[in-house]
Structures are given as structure tokens and as C-alpha cells.
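Working notes for the structure below.
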Amino acid sequence: MTTSRKTYVILAAGGSAAMLFGAMVVFQRLMDLPPCAMCIWQRWPHAAAVAIGLLALMIQGRLLPALGALAALTTGAIGVYHFGVEHKYWDGPASCTGSGLSGMNVTYLLAVDSGPKLVMCDQISWELLGISMPGWNAIISFILAFIWIKAVLASHPTAG
Numbered sequence: 039m040t041t042s043r044k045t046y047v048i049l050a051a052g053g054s055a056a057m058l059f060g061a062m063v064v065f066q067r068l069m070d071l072p073p074c075a076m077c078i079w080q081r082w083p084h085a086a087a088v089a090i091g092l093l094a095l096m097i098q099g100r101l102l103p104a105l106g107a108l109a110a111l112t113t114g115a116i117g118v119y120h121f122g123v124e125h126k127y128w129d130g131p132a133s134c135t136g137s138g139l140s141g142m143n144v145t146y147l148l149a150v151d152s153g154p155k156l157v158m159c160d161q162i163s164w165e166l167l168g169i170s171m172p173g174w175n176a177i178i179s180f181i182l183a184f185i186w187i188k189a190v191l192a193s194h195p196t197a198g
């Protein structure tokens, strides 16, 4: 029995939806781990993959699953980059690494009780088995990209 395109699309888009839920509800709300800028960057392709998945359930063809794969590969690549920044393999954006104080005015710096938590992109806030959140995002996203590719291959060959 072969797995259908629809099943692959549901698995891949559902995986991105689960990643968003985990990031925004479990880690950010329940565990009180606010995201850094690069964490937010990783969420956008997952959101795009969810929207693409919904469209792909209504519109046949290979284009939408291919775009879903691209979205998953994009967030995976950002995750690899962020993982490297956290582990000091390479430099990250100056706006969210190092001291993180560039561009902040005195009022913001003194508002320690009322302002948002300053979350640096080069600091590991959570890890499991020695792999931080962006590392897990990369691993899972590359698996989701593989599932999207399976959806592309399961698509009717003559459809878009």
C-alpha cells in the first residue's frame, strides 16, 4: 500500500503546526522561555508551511508540496545557523549577540521591571541530549522537508 499525497501533506504541515505550538505555547508560555530574534525567524517558514499545507489539500499538483519542502528547508537552515551561533562556531547578527545593548536607549535599559526580557541569540536557553532548540528545529525541519518531498513524488505527474 502506498502512502497518498494527502497523508504526506497532512504529516508535513501538521509537523510544522506542532513545531509552532511547541515554540509558542510550551516553551514560550508554559516554560517562560521568550524567543530571541533568530527563534522568531525560524517560526515564519513553519507558518508558511502550514498555510501551504492547507492550500495543498485543496489544490492538486507538485508546486505546493515543493514550496512546503522549501519552507521546511529554510527553517532548517536558519536552525543550523542559529545552532552555530549558540555554540560560537560563527558570529551571529550584532543585534542579538554579544552584549545586546547596541541601539538601546537609557530609558529602555533602566526599565528592567517593566520591559521585555532581553534574550540573546548566542545563549542556549534549553537543550535536550546536548542539542538546543534551534538544533532540534533543524533536525525536525529536515525530516519534514523529506516528507514534503514524498508529497511531491506522490503528486500526479501531469498536475502542476
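So the sequence shown is numbered by the numbering used here: it starts at 39 and just counts up by one.
Heads up, the beta-carbon is just placed ideally off N, CA and C, and yes, glycines get one too.
No experiment lies behind these values; they were computed from the predicted model shown.
On the CB-based measure, 16 or more other CB atoms within 10 Å of its CB, does residue i come out buried or exposed?
i	result
Glu165	exposed
Asp160	buried
Ala87	buried
Ser193	buried
Ile78	exposed
Ser54	buried
Met62	exposed
Phe59	exposed
Ala132	exposed
Ser42	exposed
Lys188	buried
Met57	buried
For residue i, which residues does DSSP report across the bridge?
i	result
Ser170	Glu165
Are the beta-carbon atoms of residue i and residue j separated by less than 7 Å?
i	j	result
Gln66	Asn175	no
Ala89	Trp186	no
Ala50	Leu191	no
Ala94	Val47	yes
Trp128	Gly136	no
With distances taken Cα to Cα, identify the nearest neighbour of residue i among the options.
i	options	result
Trp82	Leu71, Ile48, Ala115 and Phe184	Ala115
Thr113	Gly91, Pro172 and Tyr46	Pro172
His38	Gly106, Phe59, Ser170 and Ser42	Only positions 39 to 198 of the chain appear in this structure, which leaves residue 38 out of reach.
Pro73	Phe184, Ser163 and Ser179	Ser163
Ala253	Arg100, His120 and Met96	This structure leaves residue 253 out entirely; the chain is present only between 39 and 198.
Ser179	Ile97, Met158, Cys134 and Ala85	Ala85
Asp70	Ile177, Thr45, Phe184 and Val157	Val157
For residue i, report the span of its alpha helix (DSSP H) as first-last.
i	result
Cys77	Ala75 to Met96
Leu71	First-last for Leu71: undefined, no H or E at that position.
His120	Leu101 to Glu124
Val47	Arg43 to Phe59
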